[in-house]
Each structure stands twice: as structure tokens, then as C-alpha cells.
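Asker:
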Amino acid sequence: MAKLASGRVTEKSSELLDKFNASLPFDKKLYAEDIAGSIAHATMLEAQGILTQLELKDIVHGLGMIQKEIEEGIFVFDIADEDIHMAIEKRLTDLIGDTGKKLHTARSRNDQVALDFRLYVQKNTLKIKDFLLELERTFLDIAKEHTTTMLPGMTHLQHAQPINFAYHMLAYMSMFKRDIERLQSAYKRNNFSPIGCAALAGTPHDLNREMTAQLLGFEAPTVNCLDTVSDRDFALDILYNIAAIMTHISRLSEELILWSSSEFKFVSLSDAYSTSSSIMPQKKNPDVPELLRGKTGRVYGNLISLLTVLKGLPLAYNKDMQEDKEGVFDSVENVLLSIEILTQALKTMTVHVDNMEKACKIGHLSATDLADYLVQKCDMPFRDAYKITGAIVVEAEKMGVDLSEMPVEKLQALDSRIGEDISKYLDLRHSMNARNSQGGTATDATQKQIAYFQKWLGGY
Ligand code: ARG
Numbered sequence: 004m005a006k007l008a009s010g011r012v013t014e015k016s017s018e019l020l021d022k023f024n025a026s027l028p029f030d031k032k033l034y035a036e037d038i039a040g041s042i043a044h045a046t047m048l049e050a051q052g053i054l055t056q057l058e059l060k061d062i063v064h065g066l067g068m069i070q071k072e073i074e075e076g077i078f079v080f081d082i083a084d085e086d087i088h089m090a091i092e093k094r095l096t097d098l099i100g101d102t103g104k105k106l107h108t109a110r111s112r113n114d115q116v117a118l119d120f121r122l123y124v125q126k127n128t129l130k131i132k133d134f135l136l137e138l139e140r141t142f143l144d145i146a147k148e149h150t151t152t153m154l155p156g157m158t159h160l161q162h163a164q165p166i167n168f169a170y171h172m173l174a175y176m177s178m179f180k181r182d183i184e185r186l187q188s189a190y191k192r193n194n195f196s197p198i199g200c201a202a203l204a205g206t207p208h209d210l211n212r213e214m215t216a217q218l219l220g221f222e223a224p225t226v227n228c229l230d231t232v233s234d235r236d237f238a239l240d241i242l243y244n245i246a247a248i249m250t251h252i253s254r255l256s257e258e259l260i261l262w263s264s265s266e267f268k269f270v271s272l273s274d275a276y277s278t279s280s281s282i283m284p285q286k287k288n289p290d291v292p293e294l295l296r297g298k299t300g301r302v303y304g305n306l307i308s309l310l311t312v313l314k315g316l317p318l319a320y321n322k323d324m325q326e327d328k329e330g331v332f333d334s335v336e337n338v339l340l341s342i343e344i345l346t347q348a349l350k351t352m353t354v355h356v357d358n359m360e361k362a363c364k365i366g367h368l369s370a371t372d373l374a375d376y377l378v379q380k381c382d383m384p385f386r387d388a389y390k391i392t393g394a395i396v397v398e399a400e401k402m403g404v405d406l407s408e409m410p411v412e413k414l415q416a417l418d419s420r421i422g423e424d425i426s427k428y429l430d431l432r433h434s435m436n437a438r439n440s441q442g443g444t445a446t447d448a449t450q451k452q453i454a455y456f457q458k459w460l461g462g463y
């Protein structure tokens, strides 16, 4: 194929090479970023006296037409153009003639692709953040309804101590708040403009990189051009941030799957977000959280892929770096879809308060309260109290009752130091509300956490 940039290579390239070398099939997604970058670059070239006013006008007009053609689906993508940058530049020259050839003054595809990709990453960093904020509002709404809904808090997936469901939701809210903050810090760290770095060493043209940076919404231009065209840390940042978000989504998904099983029956996902079996008509399957858990694997893969692509590359640009985009596109698209569907599944989920509370009666959840009682009221060293409590739990098991339902006389028969007031301490709700330390699960302490998150969300 005859190339726009045939330069040193004059023979026609093979079709196989065109197919192998091209990024156009996937980087056409960057057309709007490419056009915006080119308009900013041309505007700066005109301000610096490198292009005339008329040339700028033609270029801006031509790029506008191309954007329209792409959006109307009539733009002809030719794989021989290799990538979106060349495809647009070639079409520009077709449309406006020789002036189109001036657009590439003082830039290279190396800074151009770094710009386009960074613009894409920055835009989607904000979009993911906005989607997470909606998820956070959903957690908060659920939490407000359930500060007194008790369920067994677990360690090792074994019943441990009673907590409330709001508290459990706020644990997730805390994780996603950190994710939001990570996105914000990545946005700030990466908000510097690559354009004007040219191939690797800068350019002899008298540029104003501050101006292009400002036109494109960046804080400033990057500092070192060699780093700028070699750098894909901004892409690693978004891939890691997405991996962390999906880890949190996956942990919640695992709980939703468990909670919707017949063994737990703590929640039911709405029919709109459940699926059925093709053979077993009675089944309602939690495909949504399962798929969310499954998708976590691929976004980890995308992160590891890019780390691996970059690890052995000498400065500056190497063609290996063309492998940076598909994984990022895939992670971004999947995380957006994942956050959106998780939010909907949570909004429409039914919480089975009675089943959660019933489950608190399994596993002697107030055993720690008995030990604490023996320490506080009977002046016993904690290790002794722990041992006695253990023996009492064994007795409760034999009787087939939960510790919270053991008759006082029976408890006193096992240890005479136990007073009449013990029942109050073994009561499960009392046990939950006793954990009133800062950040604890007592309804009061949970309400304070709700107020904290409410205030934080109010800032958006
Ligand atoms: N399509 C290329 C990529 O995605 C653009 C940069 C090409 N630069 C070069 N010197 N070959 O990485």
C-alpha cells in the first residue's frame, strides 16, 4: 500500500504487514481525542506564527468534517493507514489539500498517541469516579434503612459477633471511597500535556506548550520529552485502580452469592437482575455477582499485560507500546458496566431482616460478652474468663441452645460468680450495641459513620 508517511521505506508493504502492524481497528476509538489534540496543536501553531490564520481555519474546518463523517459512520477506515492518527491526517489532506500536510509540523505520532491515550484515560478516570459515586449513594441509602438489622459478623466465614447490616454496607462504602480517592489522585498526577514533545527530543520550532496544555484542560505541559513519549504510567494507574475496584466488587459479589443461597437467605436479588436455569425451572441464579467476580480476572490480566509489555523497553517509543490500548479499553468498559449493574442489583435487592436476625442465634455470638462480663464484674483475668466461657459454650452445645438463651440458673451452676444480670449481657442486641467504640458496630456508632459518609458525599 502507498503510505502517507512512506519516507525511507519506498516499496509497497505486504497486506500481511498492514494487518499485523495496524492499530486502526481498535485505536479508532480515540478519534475524538485525536481531533481535539490536532485542533489545539494547530491553534498553537497559528498563535506562534507557524501557520497562517487561513491555514488554521481550513484545518479546523476539515477536522470538523472528519469528526462528522466518523460519527455518521461514513468515514472509510483503511487498515493500510495503520492507525487513527494517519487515517485522519490522510483524510484531512484529501479534504483541504496541501495545508493538511502542515498539521504534523512540530509533532510526531509519539507525542500524538501519548496525548490521545492520556486524554482517554483522564476522561474515563472521571467517568469511573462518577459511577462509583452513584454506587456510594446506594450503599448509604441501604445503610440508613438497616442500622438495627442484625446479622452475624464473621471471621473465617464462621459466626463471630453480631453486627448490623448498615455497618456491613459501610465497610464496602469505605473501600469504594478509597477507590474514588485513588482515581482522583491519579487524575491529578497525570494531568500534564504530552503534545509538543515530538519524537523524543523536543523540536526546533518555537512552540507554546503551555497554550496547548491549557486548551486541552491539562494543568501544564510535561517536563521531560524523553520520559513523556516513553511513559505509560498513566495507563498503569487506571489499570491498577480498576483492578482494585473490581477486587472490592468481587468480594461483595461473593457475599451476595452466599447470601442469596438457601443456606443463608439473607437477600434476594430482584428478578430483573437474576437469571434462570435452562433445565431446572425452579432455579433463580445469581449470574450478575458471579459474572462480576469472573470479570475481575480479566482486568487483573490487563494490568499484568501492560506491566510486562513495558518492563524491558529501552527509551523512548517502541512499537511494543501499541499493545497498551486494548487492555485499557477492555478494563474501562468492563468496570463501567460492572459498577452500573452492581448499583442496580443493590438498589433492587430485598433484604430478609428476619433471616439475618435468626442466623444470629446460631454460633453463640455473645460468648465474648460473657468473657468480658467475667472480667468486668467478677474481676477475673481475661484468659481465665475465656476458658470458663469456652466450657459454658460446650455445655450450651450439649443442651442444644444458643448461649443467649441459656437459663441463668444453669449458667450460675457452671460458675457461681455469675450474677442475675447476666441475661442482659448475653442478649444479642445488647451485645451488638455494646460495641460502641469509635468505628464499632453499635447502632449509635454506625449512625455516626453514616453522618460521616453523608457529609463526604455532600461534597460532590
Ligand atoms: N499506532 C501507534 C501506537 O498506537 C502510534 C505511534 C506510532 N509511532 C511510531 N513511531 N511508529 O502506538
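Residue numbers (the working numbering): 4 to 463.
Glycine residues also receive a C-beta, built at the ideal position from the N, C-alpha and C atoms.
The structure presented is a predicted model; accordingly, all values stated were derived computationally and were not measured.
Compare the Cα-Cα distances from Glu423 to each of Leu460, Gly403, Met409, Phe221 and report the closest residue.
Answerer: Position 420 of the sequence shown, counted from the start, is the residue given in the question as residue 423. Out of Leu460, Gly403, Met409, Phe221, Met409 has the C-alpha closest to the C-alpha of Glu423.
Asker: Run the proximity test for Val116: is its beta-carbon closer than 6 Å to any non-hydrogen atom belonging to the ligand ARG?
Answerer: Within the sequence shown, the letter at position 113 stands for residue 116. Indeed, a heavy atom of the ligand ARG lies less than 6 Å from the Cβ.
Asker: Taking Met47 as the reference, give the member of Ile198, Arg254, Gly300 with the closest Cα.
Answerer: Within the sequence shown, residue 47 is the residue found at index 44, counting from 1. For Met47, the nearest C-alpha among the options comes from Ile198.
Asker: Kindly indicate which residue of Tyr170, Cys228, Val270 has the alpha-carbon position closest to the one of Arg438.
Answerer: Position 435 of the sequence shown, counted from the first residue, corresponds to residue 438. Checked all of Tyr170, Cys228, Val270; the closest Cα to Arg438 is Tyr170.
Asker: Which same chain residues end up closer than 7 Å to Thr96 when comparing Cβ atoms and leaving out the 5 residues on each side of it in sequence?
Answerer: Within the sequence shown, residue 96 is the residue found at index 93, counting from 1. Result list for Thr96: Gly103, Lys104, in chain order.
Asker: Hey, how far is the Cα of Arg121 from the Cα of Leu19?
Answerer: As a position in the sequence shown, residue 121 is number 118, starting the count at 1. As a position in the sequence shown, residue 19 is number 16, starting the count at 1. Spanning the two alpha carbons is a distance of roughly 30 Å.
Asker: Tell me, to the nearest whole angstrom, how far the beta carbon of Ala43 is from that of Thr215; I am working on the premise that it is less than 8 Å.
Answerer: Residue mapping note: residue 43 aligns to position 40 of the sequence shown, counting from 1. Residue mapping note: residue 215 aligns to position 212 of the sequence shown, counting from 1. Their Cβ separation, rounded to whole angstroms, is 5 Å, which keeps Ala43 and Thr215 in contact under 8 Å.
Asker: Quick one, are the C-beta atoms of Pro165 and Met178 less than 7 Å apart?
Answerer: One-based indexing of the sequence shown puts residue 165 at position 162. One-based indexing of the sequence shown puts residue 178 at position 175. Contact flag unset, no.
Asker: Report buried or exposed for Asn227, applying the criterion of at least 16 other Cβ atoms within 10 angstroms of its Cβ.
Answerer: Taking the first residue of the sequence shown as 1, we reach residue 227 at position 224. Exposed.
Asker: For Met4, which residues of its own chain have a beta-carbon under 7 Å away from its beta-carbon, when the five flanking residues on both sides are left out?
Answerer: Position 1 of the sequence shown, counting from 1, holds the residue named residue 4. Per-residue confidence for Met4 stands at a pLDDT of 48, beneath the threshold of 50, marking its modelled position as unreliable; no derived number is given.
Asker: The ligand ARG and Trp325: does the residue's C-beta get closer than 6 Å to at least one heavy atom of that ligand?
Answerer: Along the sequence shown, one-based indexing puts residue 325 at 322. The identity of residue 325 in the sequence shown is Gln, whereas the question assumes Trp. Yes - the ligand ARG has a heavy atom lying nearer than 6 Å to the Cβ of Gln325.
Asker: Please state the DSSP three-state secondary structure of Phe195.
Answerer: The residue labelled residue 195 in the question sits at position 192 within the sequence shown. In the structure shown, Phe195 sits in a strand (DSSP, three-state: E or B).
Asker: Within 6 Å: the Cβ of Ser440 and any heavy atom of the ligand ARG?
Answerer: Within the sequence shown, the letter at position 437 stands for residue 440. No, the Cβ of Ser440 stays beyond 6 Å of every heavy atom of the ligand ARG.
Asker: Cβ of Tyr123 versus every heavy atom of the ligand ARG: is any distance shorter than 6 Å?
Answerer: Residue mapping note: residue 123 aligns to position 120 of the sequence shown, counting from 1. Outside the cutoff, so no.
Asker: Helix, strand or coil: which one does DSSP assign to Ala163?
Answerer: To locate residue 163, count along the sequence shown from 1; it is residue 160. The answer is strand: DSSP assigns Ala163 an E or B state.
Asker: Considering only the alpha carbon of each residue, which of Ile87, Trp262, Leu66 lies closest to Asn358?
Answerer: Locating residue 358 in the sequence shown gives position 355, where the first residue counts as 1. Out of Ile87, Trp262, Leu66, Trp262 has the C-alpha closest to the C-alpha of Asn358.
Asker: Looking at the ligand ARG, does it come within less than 6 Å of Ser233, judged from the CB to the closest heavy atom?
Answerer: To locate residue 233, count along the sequence shown from 1; it is residue 230. No, the beta carbon of Ser233 sits no closer than 6 Å to any heavy atom of the ligand ARG.
Asker: For Arg94, I'd like the list of residues in its chain whose CB is within less than 6 Å of its CB, leaving aside the five on either flank, ordered along the chain.
Answerer: Locating residue 94 in the sequence shown gives position 91, where the first residue counts as 1. Excluding sequence neighbours, Arg94 sits near Ile69.
Asker: Do Asn113 and the ligand ARG come close, with the Cβ less than 6 Å from some heavy atom?
Answerer: Translated into positions along the sequence shown, residue 113 becomes position 110. Within the cutoff, so yes.
Asker: Check for me: the beta strand (DSSP E) holding Leu154 runs from which residue to which?
Answerer: Position 151 of the sequence shown, counting from 1, holds the residue named residue 154. Element bounds for Leu154: 153–158.
Asker: Take the Cβ of Gly52 as the centre, count every other Cβ of all protein chains shown within 10 Å, and call the residue buried at 16 or more, exposed below.
Answerer: Reading the sequence shown from its first residue, position 49 is the one you call residue 52. Its Cβ having fewer than 16 others within 10 Å, Gly52 is exposed.
Asker: Are the beta-carbon atoms belonging to Asp61 and Ile99 less than 7 Å from one another?
Answerer: Along the sequence shown, read from residue 1 onward, the residue named residue 61 stands at position 58. Along the sequence shown, read from residue 1 onward, the residue named residue 99 stands at position 96. Yes, the Cβ-Cβ distance between Asp61 and Ile99 is below 7 Å.
Asker: Going along the chain, which residues of its own chain have a beta-carbon closer than 6 Å to the beta-carbon of Thr392, five neighbours each way excluded?
Answerer: Within the sequence shown, the letter at position 389 stands for residue 392. Excluding residues within five positions, the ones whose Cβ falls inside 6 Å are Ala370, Leu373, Ala374.
Asker: The alpha helix (DSSP H) that contains Asn321, what's its start and end?
Answerer: Position 318 of the sequence shown holds residue 321. Where Asn321 is concerned, there is no enclosing alpha helix (DSSP H), given that its DSSP letter is neither H nor E.
Asker: Please determine, among Tyr376, Thr55, Asn436, Thr446, the residue with the shortest C-alpha to C-alpha distance to Leu414.
Answerer: Within the sequence shown, residue 414 is the residue found at index 411, counting from 1. For the residues Tyr376, Thr55, Asn436, Thr446, the minimum Cα distance to Leu414 belongs to Tyr376.
Asker: Where does Glu336 land, buried or exposed, given buried means 16+ other C-beta within 10 angstroms?
Answerer: Taking the sequence shown and counting its residues from 1, one reaches residue 336 at position 333. With fewer than 16 other Cβ atoms within 10 Å, it is exposed.
Asker: If you draw a straight line from the alpha carbon of Glu258 to that of Tyr463, how long is it in whole angstroms?
Answerer: If you number the sequence shown from 1, residue 258 lands on position 255. If you number the sequence shown from 1, residue 463 lands on position 460. Approximately 29 Å between the Cα atoms of the pair.
Asker: Taking the continuous alpha helix (DSSP H) assigned at Arg420, which residues delimit it?
Answerer: Taking the first residue of the sequence shown as position 1, residue 420 is located at position 417. Where Arg420 is concerned, there is no enclosing alpha helix (DSSP H), given that its DSSP letter is neither H nor E.
Asker: Of all the options Ala90, Pro292, Lys130, Ser308, which has the alpha carbon lying nearest to the alpha carbon of Leu345?
Answerer: Locating residue 345 in the sequence shown gives position 342, counting from the first residue. Here the closest residue by C-alpha is Pro292.
Asker: Which of helix, strand or coil does DSSP assign to Met4?
Answerer: Position 1 of the sequence shown, counting from 1, holds the residue named residue 4. With a pLDDT of only 48 at Met4, under the threshold of 50, the placement of this residue in the model should not be trusted; the figure read from the coordinates follows. The answer is coil: DSSP assigns Met4 none of H, G, I, E or B.
Asker: If you measure from the CB of Ser26, is any heavy atom of the ligand ARG nearer than 6 Å?
Answerer: By one-based count along the sequence shown, residue 26 stands at place 23. Yes, Cβ of Ser26 sits closer than 6 Å to a heavy atom of the ligand ARG.
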